[in-house]
Every structure is written in C-alpha cells, then in structure tokens.
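Undergrad: Could you have a look at this structure, given as structure tokens, before my questions?
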Amino acid sequence: MSSSQPQKPVTLITGASGGIGSAVARALAGTHELILAGRGGERLAALCTEVGGRPLALDLTRPETFEEALAGLGRVSNVIHNAGVVELGTVAEQGHAVWTHTLAVNTVAPAELTRLLLPSVRQERGTVVFVNSGAGLSASGGWGSYAASKFALKALADALRAEEAARGVRVTSVYPGRTATEMQRKVRSQEGADYTPEAFIDPQTLAQTIAFVLNAPRDAMLTDLTVRPGPQA
1 MSSSQPQKPV TLITGASGGI GSAVARALAG THELILAGRG GERLAALCTE VGGRPLALDL
61 TRPETFEEAL AGLGRVSNVI HNAGVVELGT VAEQGHAVWT HTLAVNTVAP AELTRLLLPS
121 VRQERGTVVF VNSGAGLSAS GGWGSYAASK FALKALADAL RAEEAARGVR VTSVYPGRTA
181 TEMQRKVRSQ EGADYTPEAF IDPQTLAQTI AFVLNAPRDA MLTDLTVRPG PQA
C-alpha cells in the first residue's frame, strides 16, 4: 500500500496582510499551502512565519510586472482576490486619478493575475474567489468609483465562470457587507462617523465562508454569496 499523501491545494491570497486576507490565511493554514501576496514589509513577513506561507511581492498598480513576479511560482490551485482600495467622493469631485487607481487595483489587477495563473488553476481544477462588496451590487452616492470597480469585478467573475466551467474551474463572488477592518475604519472616517467594529462582520466569519467555498464538494459551485452583518444582541 502506498504511503504517499494527497497533495495539499496551493492557495494564493492577495491583500494577505489585511484584515480579511490574514483571517483567510489563518483559516486555511495547515490544510492548504499558502502563497501570501502583498506589498511586502514586516506584517506580511510575520504572517508568513505564523501560518507557514510563502510571501509574494506584488504591486497591484503595475500589472506589467506580474509575469516576472510569478515566474517559478509552481503549483497554484486556488486564487483569492482579496486586495482592494476605496476612496469615497462624489462624481463631481473625484478626478480621473482616483478612478484610474481604483479600477487598476480592484479590477485590472485581478483580471491580469487571473489570466497568468489560469493555466495552473485549470490543471488543478481549482477555484477563483473574488472578494467583492455590497457596493458591487448597488451603488450609493459618494461610492461611484469604488462601486464601478466592483461592478466590473462582478462582470469579470461572471464571464470567467462561463468560460471556464467546462474545464472544471469554479468561480465564486463573495459580497461582504461592512466588515471590521482597517479599510472600514478609513471609510467611517471619510463618512464622518464612528468606527464601531462590534457592529460589523468579523473578518474571521468571512474567512470561514471563503474556506467553505474552497472546500465544498466538487458537485457544487457556489456562484454568488452575499454576507451581511447579523442582528445585534
């Protein structure tokens, strides 16, 4: 009898040192080999040490650098597109630089990263998860640039799902409501409101949701998941 064990899936997470990304890394540690993508620095290095992950330095504003950065990466089974930026402001006041930066990080970077990693994900019959937002389903005043990038991310996910289903690749969009992260702290500051993390979704809850998506039986594909804060006790 062979004593060999099945290979663990290799999961790449962008924005890994952020609140949701680090929670996902911790939720998957031990059952997945992890590639943790970010801008580098002490937080990413510390997380890699904690969960046994490999760091991957990526500048999401420069997709032309991705191919070189990914060279020699090896197997990749799953990709979790978690990194994102937000800058609130009305259409009347936000210039093209904000729109260009937001769309580059939130939409163009995931598209290019997916394109480059797709051959490996196909071979692994893996899963691509796009961490979207409630703003990717409904746009409110002051959220134009961010919502536009997330609507586009939904379109990317929907097209990819249709294109890759026959090759065994699963594609899921997750639409979190307000989540207790540093990004949410920034948003609340821009809104002139208090940051009350207990009123928002715990990043660990989202991490467990994403883990469930990755580990779901092969006869199911979870296409779109909306997660909202629960009722307050």
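In terms of full-length UniProt numbering, the sequence shown opens at residue 1 and continues consecutively. Ideal Cβ placement from N, Cα and C applies to all residues, glycine included. As the structure is a prediction and not an experimental result, all values here were calculated from the model.
Please identify the residue among Leu12, Val174, Met221 whose C-alpha is closest to the C-alpha of leucine 113.
TA: Counting from one through the sequence shown, the residue named residue 113 turns up at place 113. Minimum Cα distance to leucine 113 is reached at Leu12.
Undergrad: May I ask you to list the residues that DSSP assigns as paired with leucine 56?
TA: Residue mapping note: residue 56 aligns to position 56 of the sequence shown, counting from 1. Answer by DSSP bridge pairing, in chain order: Ala37.
Undergrad: Does glycine 141 pass the burial test, meaning 16 or more other C-beta atoms within 10 Å, or should it be called exposed?
TA: If you number the sequence shown from 1, residue 141 lands on position 141. Result: exposed.
Undergrad: In the DSSP assignment, find the alpha helix (DSSP H) that holds tyrosine 146 and state where it starts and stops.
TA: Along the sequence shown, read from residue 1 onward, the residue named residue 146 stands at position 146. Here the alpha helix (DSSP H) through tyrosine 146 covers 144 to 164.
Undergrad: Since I believe proline 203 is in contact with alanine 83 (beta carbons under 8 Å), could you give me their beta-carbon distance rounded to a whole number of angstroms?
TA: Here the question's residue 83 lines up with position 83 in the sequence shown. Here the question's residue 203 lines up with position 203 in the sequence shown. Between proline 203 and alanine 83 the Cβ distance is about 14 Å, and since that is not below 8 Å, they are no contact.
Undergrad: Within 10 Å of its beta-carbon, does proline 6 have 16 or more other beta-carbons around it, so buried, or fewer, so exposed?
TA: The residue you call residue 6 lines up with position 6 of the sequence shown. Label assigned to proline 6: exposed.
Undergrad: Please go through the same chain and pick out, in chain order, the residues whose beta-carbon is closer than 8 Å to the beta-carbon of glycine 41, but skip the five residues on each side of it.
TA: In the sequence shown, residue 41 corresponds to position 41, counting from 1. So the list reads Ser17, once near-sequence residues are dropped.
Undergrad: Would you tell me roughly how many angstroms separate the C-alpha atoms of glutamate 68 and glycine 74, rounded to the nearest one?
TA: Position 68 of the sequence shown holds residue 68. Position 74 of the sequence shown holds residue 74. Glutamate 68 and glycine 74: Cα-Cα distance of roughly 13 Å.
Undergrad: For valine 128, which of helix, strand or coil comes out of DSSP?
TA: The sequence position of residue 128 within the sequence shown is 128, counting from 1. DSSP places valine 128 in strand when its eight states are reduced to three.
Undergrad: Based on Cα-Cα distance, which residue from Val51, Arg39, Ala45 lies nearest to threonine 31?
TA: Position 31 of the sequence shown holds residue 31. The shortest C-alpha separation from threonine 31 is found at Val51.
Undergrad: Would you check whether the ligand GTP has a heavy atom nearer than 6 Å to the C-beta of arginine 26?
TA: You won't find the ligand GTP in this model; it holds no ligand whatsoever.
Undergrad: Between which two residues does the beta strand (DSSP E) carrying threonine 65 extend?
TA: Locating residue 65 in the sequence shown gives position 65, counting from the first residue. Element bounds for threonine 65: n/a, residue is neither H nor E.
Undergrad: Please state if the CB of leucine 60 and the CB of valine 131 are separated by a distance shorter than 7 Å.
TA: For the purposes of this step, residue 131 is taken as the residue at position 131 of the sequence shown. For the purposes of this step, residue 60 is taken as the residue at position 60 of the sequence shown. Not a contact, by the Cβ cut-off of 7 Å.
Undergrad: Helix, strand or coil: how does DSSP classify glycine 89 here?
TA: Start at 1 with the first residue of the sequence shown, and residue 89 comes out as number 89. DSSP places glycine 89 in strand when its eight states are reduced to three.
Undergrad: Tell me where the alpha helix (DSSP H) around arginine 75 begins and ends.
TA: Against the sequence shown, residue 75 aligns to sequence position 75. Per DSSP, arginine 75 belongs to no alpha helix (DSSP H) and is neither H nor E.
Undergrad: Tell me the DSSP secondary structure of leucine 137 in three-state form.
TA: As a working note, residue 137 is residue 137 in the sequence shown. Residue state, collapsed to three classes: coil.
Undergrad: Since glutamine 206 is in the alpha helix (DSSP H), which residue starts that stretch and which ends it?
TA: The sequence position of residue 206 within the sequence shown is 206, counting from 1. Looking at the sequence itself, residue 206 is leucine, so the reference to glutamine does not match. Looking at the DSSP string, the run of the alpha helix (DSSP H) that includes leucine 206 is 203 to 215.
Undergrad: Is DSSP giving valine 10 helix, strand or coil here?
TA: Start at 1 with the first residue of the sequence shown, and residue 10 comes out as number 10. Looking at valine 10 - three-state DSSP - the assignment turns out to be strand.
Undergrad: Kindly list the residues whose CB is nearer than 7 Å to the CB of proline 110, restricted to its own chain and excluding five residues on each side of it in sequence; keep chain order.
TA: To locate residue 110, count along the sequence shown from 1; it is residue 110. For proline 110, where only same-chain residues beyond five positions count, the Cβ hits under 7 Å are His81, Phe130, Leu153, Leu156.
Undergrad: Who does proline 175 pair with in a DSSP beta bridge?
TA: Here residue 175 refers to the residue found at position 175 when the sequence shown is read from its first residue. What sits at residue 175 in the sequence shown is tyrosine, not proline. DSSP lists Thr226 as partners of tyrosine 175.
Undergrad: Does DSSP classify isoleucine 218 as helix, strand or coil?
TA: As a working note, residue 218 is residue 218 in the sequence shown. For the record, residue 218 in the displayed sequence is arginine; it is not isoleucine. Note: arginine 218 maps to coil in three-state DSSP.
Undergrad: Going by alpha carbons, who is nearest to leucine 56 out of His96, Gly15, Val86?
TA: Numbered from its first residue, the sequence shown carries residue 56 at position 56. Ranking His96, Gly15, Val86 by Cα distance to leucine 56 puts Gly15 first.
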